[in-house]
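Protein chains in written order, with the numbering used here: chain B, 1 to 310; chain W, 311 to 643.
No residue lacks a Cβ here, since even glycine has one placed at the ideal position from N, Cα and C.
Structure, as structure tokens:
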């Protein structure tokens with residue numbers, strides 16, 4: 001932890017904050033507070049955060065906002081374009097696309113966040129082991145990482161899903177368990193740079209056990225890297241889920257997900273004549289991914305000003 | 311690459327040769343690991359691969375099934391079957407498709423051409439357009455053009471390949487009618503290069519969207535980093551034209567991070583090709599792979615995994631070698 005204090009002093013001294021400090025700010029300018037301020041100044045990141053929160057709220061309150069269930073059938077209003085009653089139109093069984101888009105958000109966002117968390121936990125664990133123990137442990141883990149990274153994730157995932165069968169939980173686990181190489185590399189690199197630092201040498205000299213040194217001393221220093229990665233991890237997971245469900249190998253109908261809602265467009269007639277059925281889900285994906293990318297950029301600027309490029 | 315002395319050049323090509331050799335040697339265990347993992351996964355699957363071979367309406371006795379199983383070599387233990395497979399691959403034989411009995415090698419040979427032309431043109435568009443737009447964006451930093459290009463890059467990098475493909479198909483083919491709606495060439499018409507190109511442009515453009523966006527963003531930031539250096543100011547002070555300063559002094563030094571990005575987007579290119587092939591009914595490796603998975607065609611899945619992994623590893627090697635051509639300081643020891 002000594003390390004982070006030193007770093008934050010350097011940040012406070014660096015001429016990155018042009019406006020004069022008020023007495024209040026000067027007294028309580030903790031690293032977290034500084035990071036928050038830098039994040040708030042990244043306008044696109046704030047917009048991204050607002051969009052993501054809005055989408056999460058829409059997903060949570062879908063039953064209230066949607067005015068109909070995702071599978072409620074309006075027999076008199078089938079195959080309609082957007083109307084006042086059905087904002088995004090209806091499909092051939094009379095289901096409301098707006099309601100389905102909201103409910104699909106529940107599935108797609110949950111898979112995105114849960115899969116990202118799984119990949120971060122697995123990646124951080126493997127990365128910590130590789131970086132802390134080095135030698136053959138590092139060699140084995142990193143070669144394995146190379147193998148997984150060499151191969152396009154979608155191909156491996158397609159193969160596994162096609163063989164084990166589709167489903168929400170399976171989709172989530174497979175995406176989570178295949179996305180760990182990037183966080184693993186990040187944590188390992190950080191651990192390697194920490195290994196010879198005084199506070200870890202001191203901890204070792206005082207007889208701290210390996211798990212304690214990893215969890216209590218080294219790991220907290222990787223949190224900022226992982227937080228920055230998290231938004232990109234969510235992006236990855238949402239894109240993979242959408243791709244899988246689009247091919248019919250992810251979330252299965254009648255449960256709606258953004259990916260399988262776009263699947264109807266593989267029918268050329270639907271693609272050409274009923275764009276309201278597949279465009280909303282696609283736009284939802286693009287907006288979520290865009291927002292998460294902005295948040296990620298903002299977090300990177302906020303937490304690691306040295307990485308600030310462009 | 312300017313290497314002054316012939317003896318230096320000789321030494322350089324020697325180390326490069328050794329480097330390539332060593333890299334290829336490392337590649338072999340990786341290939342074995344990847345195919346072994348896929349092979350292992352195929353063993354864990356619940357279904358009987360024999361079912362994929364028999365049509366559903368044929369009813370066979372257990373003896374008959376076992377006889378066919380034996381003929382196909384499906385009754386041996388998994389590790390032995392994997393070693394058999396490896397031995398055959400070393401001889402250049404990838405086995406036969408379960409579904410049709412065609413040799414896997416032949417099928418892949420038919421399909422790899424269209425995929426390489428799609429991915430190659432997608433990558434080429436991505437590199438050329440991405441670098442040009444990135445340089446323009448950096449030189450005109452904070453202009454309206456820079457702003458518009460940055461928004462475009464963000465949108466492009468956030469749009470999944472299949473949605474880009476569908477939108478492209480909807481707008482440019484179905485609504486505007488500028489391009490054909492899919493396929494390799496117009497059916498029933500003798501092959502012509504222009505006809506093929508006409509079919510290729512739209513899927514290649516949609517595939518390159520992600521590449522263009524990410525290469526553009528990295529080019530922009532790499533160029534900005536370089537343009538603020540002292541030697542650029544020196545070049546400008548000497549009175550060199552903007553073209554020479556930007557084109558040869560700055561871009562050359564910005565290229566190294568760009569090559570890294572190009573290499574890093576190759577897996578995305580392969581993944582994107584799977585979706586675009588299926589949207590544009592492109593008879594390539596992507597649609598073949600989906601076919602193979604749907605039919606549990608094990609020999610085909612294994613053969614394709616092997617080929618795809620090989621292609622990707624070669625692409626990685628080429629990426630690393632490109633560094634040497636861009637930056638003569640880089641030596642491979």
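| Item | Value |
| --- | --- |
| Presumed contact (8 Å Cβ cut-off) between residue 194 of chain B and residue 218 of chain B, rounded CB distance | 5 Å |
| 8 Å contact criterion, which residue 459 of chain W and residue 484 of chain W should meet: CB distance rounded | That belief does not hold up - the Cβ atoms of residue 459 of chain W and residue 484 of chain W are roughly 28 Å apart, past 8 Å. |
| Expected contact under 8 Å - CB spacing of residue 277 of chain B and residue 91 of chain B to nearest Å | 6 Å |
| Where residue 309 of chain B sits in the DSSP three-state scheme | A caution first: residue 309 of chain B carries a pLDDT of 39, below 50, which makes its placement in the model too unreliable to give a value. |
| Residue 242 of chain B beta carbon less than 9 Å from that of residue 259 of chain B | yes |
| Test: residue 468 of chain W CB closer than 9 Å to a CB of chain B | yes |
| Closer than 9 Å to chain W by CB, residue 243 of chain B | yes |
| Rounded C-alpha distance that separates residue 308 of chain B from residue 223 of chain B | With a pLDDT of only 41 at residue 308 of chain B, under the threshold of 50, the placement of this residue in the model should not be trusted; the figure read from the coordinates follows. Between residue 308 of chain B and residue 223 of chain B, the C-alpha separation is close to 18 Å. |
| Minimum Cβ-Cβ distance from residue 422 of chain W to chain B less than 9 Å | no |
| Interface residues of the region 607-634 of chain W facing chain B [CB-CB below 8 Å] | 611, 615, 618, 619, 622, 623, 626 |
| Interface flag, residue 285 of chain B vs chain W, CB-CB below 9 Å | yes |
| Meets three-Cβ-pair contact criterion under 8 Å: the region 110-130 of chain B and the region 224-235 of chain B | yes |
| Residues that residue 73 of chain B bridges to, as DSSP identifies them | B:95 |
| Closer than 9 Å to chain W by CB, residue 275 of chain B | yes |
| Cβ neighbours of residue 99 of chain B in the same chain (closer than 6 Å, five flanking residues each side left out) | 66, 68, 70 |
| Cutoff 9 Å: residue 295 of chain B Cβ touching any chain W Cβ | no |
| Presumed contact (8 Å Cβ cut-off) between residue 636 of chain W and residue 565 of chain W, rounded CB distance | 5 Å |
| Residue-chain proximity (residue 328 of chain W, chain B), Cβ-Cβ < 9 Å | no |
| Which listed residue (W:594, W:556, W:626) has its alpha carbon closest to that of residue 449 of chain W | W:556 |
| Residue span of the alpha helix (DSSP H) that contains residue 213 of chain B, given as start and end | Run containing residue 213 of chain B: none; DSSP gives neither H nor E here. |
| Element boundaries [alpha helix (DSSP H), containing residue 520 of chain W] | 503-537 |
| Cβ of residue 600 of chain W within 9 Å of any chain B Cβ | yes |
| In DSSP terms, what residue 406 of chain W is bridged to | W:413 |
| Assigned exposure category for residue 578 of chain W - 16 Cβ within 10 Å defines buried | buried |
| C-alpha distance - residue 486 of chain W paired with residue 412 of chain W, whole-angstrom precision | 41 Å |
| Ranges of the alpha helix (DSSP H) found wholly within the region 230-308 of chain B, counting only runs of at least 4 | 258-262, 268-273, 275-303 |
| Where residue 469 of chain W falls: helix, strand or coil (DSSP) | coil |
| Within chain W, partners of residue 155 of chain B - CB distance below 8 Å | 580, 581, 584, 599, 615, 618 |
| Whether residue 631 of chain W touches residue 326 of chain W by CB criterion (9 Å) | yes |
| Pair within 9 Å by beta-carbon distance, residue 614 of chain W and residue 352 of chain W | no |
| 9 Å Cβ cutoff, residue 309 of chain B in contact with chain W | Bear in mind that the predicted position of residue 309 of chain B carries a pLDDT of just 39, short of 50, making it too unreliable to give a figure here. |
| Which of helix, strand or coil DSSP assigns to residue 32 of chain B | helix |
| Pairwise C-alpha distance: residue 212 of chain B and residue 521 of chain W | 43 Å |
| Interface residues of chain D facing residue 152 of chain B [CB-CB closer than 7 Å] | Among the protein chains in the structure shown, which are B and W, there is no chain D. |
| Exposure of residue 301 of chain B, with buried meaning 16 or more beta-carbon neighbours within 10 Å | buried |
| Bounding residues of the alpha helix (DSSP H) (the contiguous stretch that carries residue 191 of chain B) | 181-194 |
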